[in-house]
Structures are given as structure tokens and as C-alpha cells.
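If you read the sequences in order, they're chains X and R. The numbering of the first sequence is full-length UniProt numbering, which starts it at 1 and goes up by one. The numbering of the second sequence is full-length UniProt numbering, which starts it at 1 and goes up by one. Working notes, structure below.
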Amino acid sequence: MSAFHFEGLVWHWPIAIYLFLAGLSAGAVFFAIMLKHVKLAGEAYHSPFVQAAAIIAPLAVFGGLGILVIDLTKPLDFWKILVFYNITSVMSMGVLVLMAYQVALFAWIACIFNKGILQLLGDKWMWLQRGLRWLVAKEAAITGILVILSISLGAYTGFLLSALIGFPLLNNPVLPLLFLISGLSSGAAATLLGGVLLRGNPNGVEVRFIHGIEIPLILVEMGLLFTFFVGLILSGGQSQVAALNAIGYGFWGWVFWGGVIGIGLTLPLAFNLWMKVSADRKFTYVAVTASFSLIGVFLLRNFILYTGQMTIA
Amino acid sequence: MLHSKRQFLKGCGALLAGASVYGITQSPLAEHSDTSSEADIKYAMVHDENACIGCNACVEACREVNQVPEGVTRVKIERRGPFGEYPNQSYRFSRVSCQHCEAAPCVRVCPTGAAYIDKDTGIVAVHEERCVGCQYCIAACPYQVRFINPETRTADKCDFCQQTQLKQGLQPACVLACPTKALTFGNLKDADSALVHLLKSKPTYRAKVDLGTRPKLFHIQTIDGEIML
């Protein structure tokens with residue numbers, strides 16, 4: 001059986017990239033909000049890490065949606081998904097979440113960078129300035145909504161696949177949690193990588209804060225992966241077959257053990273623990289750790305999508 | 001400020017949780033069989049695997065009548081075997097096509113409502129204009145009978161010839177084409193129909209009922225002496 005072409009395969013790698021980017025966007029926003037709320041407060045707009053998140057989050061969600069639309073067999077008809085809704089469809093509800101998420105995202109970015117935007121506007125476009133001040137007054141509510149929407153978006157990427165009852169590996173209650181947690185950690189990694197590339201201090205308060213959350217996040221992700229596969233194996237029948245087909249051997253077995261577990265989780269965990277005890281963090285440390293996390297989450301999305309469709313109920 | 005924000009977050013969370021639970025309970029899979037629904041037609045089909053000889057006449061008739069392009073098909077006859085020792089060898093044939101589930105997973109996942117159950121006949125069908133080609137239904141169908149029609153670029157599958165034969169008052173093309181009369185099509189709600197008589201006289205099975213799909217394609221299992229575990 002070829003790794004990328006086999007009977008019964010419906011969704012290919014563009015869907016994996018979409019799931020990766022949507023989760024990454026949600027994670028980056030989540031960590032930017034946490035950074036502002038817990039550490040930076042009014043100084044958030046200075047921080048290259050918050051700036052990186054504010055650039056990455058919209059680009060990732062647009063990129064993901066773009067790939068999704070191109071992947072339709074009738075891309076020009078995509079607007080029908082925005083017009084017609086089906087309350088029992090995870091995809092349809094996800095579209096609602098995505099739309100609300102993008103509105104809240106831009107409102108939040110406008111709030112964070114309001115000083116800069118107001119400076120840029122000078123005394124032009126008073127209506128826009130009034131609108132911006134109104135948004136800033138509502139920042140607490142916007143932030144709250146955006147936190148909920150980003151978590152919903154991260155979990156939605158998992159629910160989208162777990163609704164497929166014909167594939168025992170995907171139709172798994174742990175999947176949405178796994179995708180939410182790994183999405184959050186990919187967002188953290190993207191924020192760190194973008195931040196240091198924007199000349200943020202690799203030994204700064206932001207990096208220390210995010211790394212502090214990343215260690216428990218990686219441990220939780222390992223626990224979820226363990227529960228995911230042990231749960232499938234203990235279920236017996238086709239669930240067991242599906243789990244062993246996925247991680248037991250072959251190309252995807254290597255991707256799982258080497259890529260997801262090795263590069264994506266073990267090495268970043270080791271680096272994070274090392275950085276925690278060593279005196280200071282350097283650019284290379286932060287960038288390499290973040291890149292490994294990103295690669296790991298990207299491989300996880302592809303691994304789950306492909307191996308999930310290999311075994312049917 | 002902090003206090004009101006917390007309350008607001010709680011409210012939002014509760015609303016979201018409530019809305020999603022409502023959405024899930026609305027799903028057709030949670031409903032139970034409702035034999036007293038208003039429509040008096042509910043189409044179903046029986047495939048007698050003892051009568052089937054695997055000639056594929058049904059496949060070709062379907063292709064012609066419904067203008068199904070080469071490379072895809074609405075119905076397949078799956079062949080397994082041979083079983084037994086020569087000269088007492090036999091094959092087993094089973095029909096693979098849309099099961100017209102009462103609780104159809106494809107209908108549940110379709111984001112635009114393009115996949116739907118025709119209330120008057122119980123047929124699972126596709127609104128071609130509504131379909132955007134996301135292929136969620138193809139992935140959701142546990143029977144793997146949906147495909148993208150390369151000409152219309154929309155999801156396609158067996159619709160019991162809803163648009164062709166049934167409109168002219170005829171039986172589906174596969175049923176008429178079958179040389180051994182292995183296929184029986186009819187109305188489950190008509191107690192005098194050949195379909196209901198057959199279902200009441202022979203034991204049948206349906207595929208993957210444990211998934212809660214309640215399919216309406218019945219199979220009469222081959223009896224050929226071979227015992228399989």
C-alpha cells in the first residue's frame with residue numbers, strides 16, 4: 001500500500017495543511033492574548049512576539065481557507081457554504097466559528113495596535129477613529145470572545161475528522177482535544193519563531209512565559225497521544241487494526257515515531273527543560289526548538305489524516 | 001471590570017456549550033425509527049446473493065440509464081472467493097451501492113444541505129446545484145459508495161433511479177437488467193409488495209448496522225457450505 005495513494009482515500013494533504021494552519025492561527029492568538037493579559041498589559045504592542053502573532057494569525061487562517069477553497073471540486077461555488085447552513089454538520093458550524101473568529105481577530109488586533117493606527121490616521125477619517133475608540137472601549141469583551149473562538153477553532157479541526165463514523169481511528173473522542181492542544185503548541189512555536197525573527201529578545205519575558213506553558217503542554221500532548229492509541233487498541237476490532245496499521249510499521253509508522261514523537265515532542269521537551277536550567281536563551285535555541293515543534297504538529301496532522309483513512313469500520 | 005468580564009466569559013461559555021449540545025441532539029442518528037411518518041412511500045431494495053451470478057449487467061444498465069461516466073460507478077458487485085475445492089467451487093457476490101440510510105451520515109455532515117433525504121420516498125439524494133464539492137459526504141459514508149462525478153464535479157451516487165426510471169413509473173435500471181432476478185425493489189410501507197413479502201419470508205442482513213445508520217439495502221446471504229470466521 002502506497003503511503004499517499006490507497007483505496008478509500010478521500011481527503012489529501014491540502015486538508016492536513018488547512019487543519020494545521022487553522023490550529024496554528026488559533027494557537028498564536030491564544031498565546032498573544034495570554035502574553036498581553038499576564039505579562040505585558042499596555043506594552044503589548046511593542047513586543048515583537050505579539051506583533052508576530054498578529055501577523056501570523058490572520059495570514060495562517062486566510063492561507064488555510066484559501067487552500068480549502070481551492071481544494072473544492074467547484075471552488076467558485078464556495079460562497080454557497082456561507083449562504084446555506086446545516087446545524088448537524090461540523091463543517092458548517094466550523095464555517096460559522098471561522099467567520100466570527102476572523103471578525104473578532106481583526107477587532108482585537110485593532111485594539112492592541114490602536115495607538116499606532118491612530119497616529120497613522122492623523123486627523124483623517126474621523127469615522128474610522130471613532131469606530132476604533134469604540135472598539136478599544138470594548139476590548140475586554142472582544143478579548144473574551146476571541147479566547148472562546150480560538151479554542152473553538154482549535155477543537156473544531158479535530159471534530160471535523162472525528163465526525164467521520166466510517167473511520168475508527170478518526171471517530172475518536174480524544175481527537176478534538178489532541179488537535180486543540182497540538183494546535184495551541186504550534187501557535188506558541190510560530191509566535192516564538194516569528195518573534196525572534198522580528199528581532200525579539202530570545203531571553204525576554206515573552207519567551208520565558210511561553211516556554212513555561214510549553215513544557216506542560218507537550219506533556220499533556222504526549223498523554224493524549226498515549227490515550228488516543230491505547231484507547232483504540234483496547235477497543236478491539238477495527239479500532240485496534242486501525243491503530244496498529246498507523247503506528248505499527250511502514251512509512252507512517254516512521255513518521256509517527258521519528259517525526260511526531262521524536263522531532264515534534266521529545267526534542268522540544270528536552271530543549272525546553274535544558275533552557276529552563278541554563279542561564280540564558282539564545283536565538284538558535286529558541287528558533288530550532290520552535291521549528292521542531294512546528295514540524296511535529298504538521299507531521300501529526302498529515303499522519304492522522306492519512307492513517308485515519310487507511311482503515312475502515 | 002474583572003468581575004463583569006468573568007461573568008461575560010461564563011455566559012459565552014454556557015451559550016456555546018448549550019448551542020453545541022442542541023446541535024448534537026438534533027442529529028438524525030439520535031432519532032428512533034418512526035414507522036408512522038406521514039409519507040406512504042419508503043423505497044428499499046433486497047439483493048439476493050444466492051441468485052446473483054456476478055455478471056455486472058446491473059452496473060452497465062445503471063451506467064447507461066443514469067449516464068454515469070467511465071471510471072466511476074454508482075453500483076459495484078464485489079466478488080469474493082473462490083471457496084471450496086474443485087469442482088465444488090463457488091464465489092460470493094455482494095452489492096455495494098448507496099444504502100439509503102434512514103440516519104444517513106452523508107446528510108448529517110453536508111455543510112450546505114446538498115445531500116438530503118427525500119421525505120416522500122426515503123431516497124437519499126443530492127442537490128447538484130447546492131453541492132460545492134467539499135467531499136465531506138464521501139469521507140463520512142461508511143459504505144464508501146459516494147464519488148465525485150468527473151463531468152458535473154458534484155457528489156454522486158445511486159438514487160434508485162429517482163431522476164430517470166422512477167420518474168417514468170419504471171423500476172430502477174439495475175433491477176430490470178438483472179437476468180437472475182436477484183434484485184427486488186419496492187415500497188417498505190406497502191404490505192402487499194414483493195419486497196415486503198421477500199423480507200418477511202427470508203432472513204436478511206444489512207451492512208454495518210452497528211454504526212447506527214439504519215440502511216435500506218438488504219442482503220440475502222449466500223449459503224454455500226463454506227463457514228467463515
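Ideal placement from N, C-alpha and C gives every residue a C-beta, glycine not left out.
Could you tell me the distance, in whole angstroms, from the CA atom of leucine 146/X to the CA atom of histidine 100/R?
41 Å
Is it buried or exposed, glutamate 31/R, if we count other Cβ atoms within 10 angstroms and call 16 or more buried?
Annotation note: pLDDT 46 at glutamate 31/R (below 50); position unreliable, no value reported.
Inter-residue Cα distance where the pair is phenylalanine 256/X and glycine 54/R
42 Å
Where glutamate 102/R falls: helix, strand or coil (DSSP)
coil
Would you grab the beta carbon distance between threonine 164/R and glutamate 128/R for me? Rounded to a whole angstrom, and I think it's under 8 Å.
Rounded, the Cβ-Cβ distance is 14 Å, inconsistent with contact.
4 or more residues per run - each alpha helix (DSSP H) lying fully within the region 197-256 of chain X:
205-235, 237-247 and 250-254
Determine, using beta carbons only, whether leucine 184/X and isoleucine 218/X come nearer to each other than 7 Å.
no
Could I get the ranges of all uninterrupted beta strand (DSSP E) runs contained in the region 202-227 of chain R, with 3 residues as the minimum, in chain order?
217-220
With which residues is arginine 80/R paired in a DSSP beta bridge?
Arg92/R
If you draw a straight line from the C-alpha of isoleucine 109/X to the C-alpha of tyrosine 143/R, how long is it?
46 Å
For proline 179/R and isoleucine 181/X, I'd like the C-alpha separation in whole angstroms.
57 Å
For chain R, check one thing: does any of its Cβ atoms lie closer than 7 Å to the Cβ of leucine 89/X?
The question names leucine, but residue 89/X in the sequence shown is serine. It does: the Cβ of serine 89/X has a partner Cβ on chain R nearer than 7 Å.
Mind listing the chain R neighbours of valine 10/X? Cutoff is C-beta to C-beta under 8 Å, in chain order.
Gln135, Ile138 and Ala139
Can you name the residues of chain X whose CB is closer than 7 Å to the CB of lysine 208/R?
Ala313
Please report how far the alpha carbon of phenylalanine 147/R lies from the alpha carbon of valine 72/R, in whole angstroms.
7 Å
Put valine 277/X into one of helix, strand or coil per three-state DSSP.
helix
Roughly how many angstroms separate the alpha carbons of glycine 231/X and glycine 308/X, rounded to a whole number?
15 Å
Tell me the rounded alpha-carbon separation between leucine 175/X and alanine 39/R.
39 Å
In the DSSP assignment, the beta strand (DSSP E) including leucine 183/R goes from what residue to what residue?
183-187
Could you tell me whether the Cβ of serine 92/X comes closer than 7 Å to any Cβ of chain R?
yes
In chain X, which residues lie less than 8 Å from leucine 211/R when you measure between Cβ atoms?
Ile165, Gly166 and Ala313
Taking contact to mean 3 or more Cβ pairs, one atom from each stretch, closer than 8 Å, check whether the region 143-157 of chain X and the region 99-108 of chain X are in contact.
yes
Who are tyrosine 116/R's beta bridge partners in DSSP?
Ala125/R
Answer yes or no: do asparagine 86/X and proline 111/R have a C-beta to C-beta separation smaller than 7 Å?
yes
Within 7 Å of chain X by C-beta, residues of the UniProt domain "4Fe-4S ferredoxin-type" (89-120) of chain R in sequence order
Pro105, Arg108, Val109, Cys110, Pro111, Thr112 and Gly113
Straight-line Cα distance separating methionine 93/X from lysine 200/R:
42 Å
Is it buried or exposed for threonine 35/R, if we count other Cβ within 10 angstroms and need 16 for buried?
Since pLDDT at threonine 35/R reaches only 48, below the 50 mark, its modelled position is unreliable, and no value is offered.
Distance, arginine 80/R Cα to phenylalanine 93/R Cα:
6 Å
Taking DSSP as the reference, what is the three-state secondary structure of histidine 47/R?
strand
Using a Cβ-Cβ cutoff of less than 6 Å, which residues in the same chain neighbour leucine 29/R once the five nearest sequence positions on both sides are dropped?
Low local confidence applies: a pLDDT of 46 at leucine 29/R is under 50, so the model's placement there is unreliable, with the coordinate-based value given in what follows. The answer, listed in chain order, is Ala103 and Gly212.
When DSSP builds the beta bridges, which residues end up paired with phenylalanine 147/R?
Asp156/R
If you run the structure through DSSP and keep just helix, strand and coil, what is valine 72/R?
coil
Beta-carbon within less than 8 Å of leucine 170/X's beta-carbon, same chain only, minus the 5 sequence neighbours each way: which residues are those?
Leu161, Ser162, Leu164, Ile304, Gly308 and Gln309
Assuming leucine 24/X and alanine 60/X are in contact, meaning their beta carbons sit under 8 Å apart, how far apart are those beta carbons, in whole angstroms?
5 Å
My output table needs one value for serine 97/R: the three-state DSSP class, helix, strand or coil.
strand
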